[in-house]
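In this note's numbering, the protein residues as written are 803 to 1155. Below is one structure, written out as structure tokens; the observations come after it.
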């Protein structure tokens, strides 16, 4: 009898038991792989584009205003962070972003890494007397006067430039015996951060104060009578306004613009807290006016000088700029109790007669 008449259905062939084959949708992720997070992708793109813009601004010197100017001080930190980001982008298979980051690294490296090269002292055509200069921001006059006197005596300073010197600190320096080490001084002390002074073993003649000329922080400018030099020697205790807020940007720019350029008939030294790094176009403009940066030519241009004693990256705000005809023989950085700035001690050979 046929199976259909027995009340029992015949068995279904095995190939007909399988579910119908449906091709995987092209937009469906493979098993075990999550869809790419759009927020992560957007963040990666934003970081890559930001790095390119930042490096481009640094290369051509177009940073302007707040907050670009303060951020530009951290260009070295950005440079050394980029390799980590490149590795992260590659692991995330964001190859275009990794390529953009590598371009940004190359642009910043061209501008920044040469500061690690020690160029060695280039002596003047006619070597003259040696001069040792120390500069220090006293942080609202918080450094003990005895500490400053001990520094001047221990390091046998010829010239000392101080910033943020209050009248109380200046009086304390007199009481602590600074005049016994550096008998000549130019006192432009003032309350809070507004004051500055110059001290010397050589007689001083006041030349002016470019800071007070623009009603900003004091920057005393003095002429020194140094025997055996080919031309007069001038020193400025540099301290333009900090660009830490939008309202101080104009004063910061003018403070740097007012600094005197190098001159044929004078050997000038600019020493102090410039509130700027060599990654600022305004600072490079000062250097290009006939100076060399002592830290740059000794291969220490990336040594941070502020803020000392705080768990944050340090930036190189304190500098000694020297007439390019003088030789920078050495540079030391000193941590000084009572201030967030490092002191710089620079040995120079001036042009001779």
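Think of the CB as a built atom: it goes at the ideal place given N, C-alpha and C, for glycine as much as any other residue.
Residue i to residue j span [Cα, whole Å]
| i | j | result |
| --- | --- | --- |
| residue 1123 | residue 906 | 29 Å |
| residue 1043 | residue 1002 | 25 Å |
| residue 1083 | residue 928 | 33 Å |
| residue 923 | residue 1095 | 12 Å |
| residue 930 | residue 1030 | 6 Å |
| residue 855 | residue 974 | 49 Å |
| residue 1025 | residue 1005 | 8 Å |
| residue 968 | residue 1059 | 25 Å |
| residue 1102 | residue 1121 | 11 Å |
| residue 1130 | residue 1148 | 7 Å |
| residue 889 | residue 845 | 16 Å |
| residue 1142 | residue 971 | 17 Å |
| residue 925 | residue 899 | 47 Å |
| residue 1108 | residue 965 | 14 Å |
| residue 910 | residue 861 | 7 Å |
| residue 936 | residue 1146 | 6 Å |
| residue 866 | residue 1128 | 32 Å |
| residue 1155 | residue 884 | 49 Å |
| residue 859 | residue 1068 | 34 Å |
| residue 913 | residue 920 | 15 Å |
| residue 959 | residue 1053 | 31 Å |
| residue 874 | residue 864 | 10 Å |
| residue 896 | residue 945 | 51 Å |
| residue 989 | residue 1081 | 31 Å |
| residue 1093 | residue 870 | 25 Å |
| residue 1134 | residue 991 | 26 Å |
| residue 1008 | residue 1023 | 6 Å |
| residue 1144 | residue 852 | 32 Å |
| residue 1076 | residue 1089 | 12 Å |
| residue 915 | residue 1126 | 21 Å |
| residue 1111 | residue 1140 | 10 Å |
| residue 769 | residue 877 | This structure does not reach residue 769, given that the chain is present from 803 up to 1155, and the question cannot be answered. |
| residue 892 | residue 1010 | 57 Å |
| residue 1087 | residue 993 | 30 Å |
Identified DSSP bridge partners for residue i
| i | result |
| --- | --- |
| residue 761 | Outside the shown range of the chain (803 to 1155) lies residue 761, about which nothing can therefore be said. |
| residue 1146 | 937 and 1135 |
| residue 1093 | 1125 |
| residue 1026 | 1006 and 1035 |
| residue 1151 | 932 and 1129 |
| residue 1117 | 1108 |
| residue 920 | 1100 |
| residue 1064 | Beta-bridge pairing links residue 1064 to no other residue. |
Classification of residue i by the beta-carbon crowding that lies within 10 angstroms, buried from 16 upward
| i | result |
| --- | --- |
| residue 835 | Confidence at residue 835 is low in this model, with a pLDDT of 43, below 50, so the placement of that residue is unreliable and no value is reported for it. |
| residue 879 | exposed |
| residue 1113 | exposed |
| residue 848 | exposed |
| residue 1017 | exposed |
| residue 1116 | buried |
| residue 908 | exposed |
| residue 1132 | exposed |
| residue 841 | exposed |
| residue 1106 | buried |
| residue 1055 | buried |
| residue 943 | buried |
| residue 1156 | Residue numbering for the chain in the displayed model covers 803 to 1155; residue 1156 lies beyond these limits and cannot be assessed. |
| residue 939 | buried |
| residue 1182 | A question about residue 1182 goes unanswered here, because the residues of the chain that appear run from 803 up to 1155. |
| residue 1137 | exposed |
Cβ separation of residue i and residue j, assumed to be a contact under 8 Å, to the nearest whole Å
| i | j | result |
| --- | --- | --- |
| residue 1037 | residue 963 | 6 Å |
| residue 995 | residue 1040 | Not really, about 13 Å apart at Cβ, beyond 8 Å. |
| residue 1119 | residue 1151 | That pair is no contact at about 26 Å. |
| residue 1020 | residue 1057 | Rounded, the Cβ-Cβ distance is 11 Å, inconsistent with contact. |
| residue 903 | residue 887 | 5 Å |
| residue 1063 | residue 1027 | In fact, because the Cβ distance is near 22 Å, the residues do not count as touching under 8 Å. |
| residue 1012 | residue 1061 | 6 Å |
| residue 868 | residue 1051 | 6 Å |
| residue 948 | residue 981 | Going by Cβ atoms, the distance from residue 948 to residue 981 rounds to 14 Å, so no, they are not a contact pair. |
| residue 1098 | residue 955 | The pair is not a contact, with the Cβ atoms about 29 Å apart (cut-off 8 Å). |
* To do: Scan the region 943-1017 and note each continuous alpha helix (DSSP H) run of 4 residues or more that stays entirely inside, going in chain order.
  => For the region 943-1017, whole alpha helix (DSSP H) runs of length 4 or above, ordered along the chain, are 947-956, 969-978, 980-983 and 1012-1015.
* To do: Just list the alpha helix (DSSP H) runs in the region 834-863, keeping only unbroken ones of 4 residues or longer that don't cross its boundaries, in chain order.
  => 840-862
* Tell me the start and end of each unbroken alpha helix (DSSP H) in the region 871-917 that is at least 4 residues and wholly inside, in chain order. => 877-893 and 897-914
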